[in-house]
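For the working numbering, add 215 to where a residue sits in the sequence shown, where the first one is 1.
Notes follow the structure.
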Amino acid sequence: MIDLDYLNFLENILTENRKAKFLKVLENRTKHFTIVVEDIFQMHNASAVMRSCEVFGIQELNVIEERYGKSIDKEIAMGAQKWVDIKTFDNVSNCIETLKNQGYQIIATTPHEKECLLDDFDISKPSALFFGTERDGLSEEVLEKADGFIKIPMVGFTESLNISVSAAIIIQNLTNRLRESNINWHLFEEEILEKRLVWAQNSIKDIKRIKARYFSKL
C-alpha cells in the first residue's frame, strides 16, 4: 500500500505545475504493452528505445543482459530513466516466463517468416514486444517461444532497420491505436499512486535527507 501521508508530504514540496504534469502524463501511461530488448550490443540503442517508451507512454522496459552487461546511457536516454520502469533479466527464459505469468503474449519483431504486418496486429491482448540485437536479431529461443510475430512494412531494398528506429515506429503505431480504441489500457489507481510517489522522489534534490527527516518525526 502507498503511504498517502508521505506522498502528500513530498508533493507539497513540488510546484503545482509539476504535480499537474505528473497527472497529465500518467493519464497516457500504459502497461498493456511492455517492451523487451534482448542482448543489445550497442547500449545507446537500448537507451534510445527507453526514450521512445517514455515519449509514447510505455511504462515498462525489460532488458535481457545474457551476454552484454552494460548500463543505460543516460546522455542518450535524456532523463527517461527517471520515468520508465526498467526490469533486468540475466536470461531469456526467466524473462519470458515472468512476462507470461503476468498475462502477456510474447510477440517477436522480425522481418522474416510468419510475420504479421504492423497495421494488422491485434492490439486487444496485453503483449510483450521483443526486439533483438543489431547483429543477430532475436535469439532462437524467443522465436520458438513466441506467440506471434510483427513486421514493419518496407518497400525498399533494405530488409531491416536499426533497432531503435524499429522500436520507435512500432511503439508509436501501437500506442496511437490503443488510445483510439475502447480497450481498458490505463494504469490502475494503485499504480498511478505508486508512480506519483516514485516520480516525486526522483524530482526532489537531497531526497534521502528529506525522507529521513520525515520518518524520524513519526
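We put the CB at the ideal spot given by N, CA and C, even for glycine.
Remember, it's a predicted structure, so these values are computed and weren't measured experimentally.
DSSP, reduced to helix, strand and coil, places K246 outside both helices and strands of the structure shown, so it counts as coil. Here E269 really is in contact with V299; their C-beta atoms are around 5 Å apart, less than 8 Å.
By the criterion of a C-beta distance shorter than 7 Å, T324 is surrounded in its chain by L344, F345, F346, I365, S381, I385, once the five residues flanking it on both sides are discounted.
About 17 Å separates the beta carbons of L222 and A427, which is beyond the 8 Å limit, so they are not a contact pair. When the Cα atoms are used, E404 and E374 turn out to be separated by approximately 42 Å.
Between the beta-carbon of S339 and that of I378 there is about 26 Å, and that puts the pair past the 8 Å contact cut. With respect to V252, V278 sits close: the two C-beta atoms are nearer than 7 Å. Each residue's CA atom was taken as its position, placing L333 and R392 some 11 Å apart.
Distance between N388 and G318, taken at the CA atoms: about 22 Å.
Per DSSP, reduced to three states, the secondary structure at S308 is helical.
By DSSP's assignment, A343 forms a beta bridge with T249, I321. For E226, same chain residues with a beta-carbon under 6 Å away, outside a window of 5 residues either side, are K234, A415 in chain order.
R244 counts as buried, since at least 16 other C-beta atoms from the protein chains shown sit within 10 angstroms of its C-beta.
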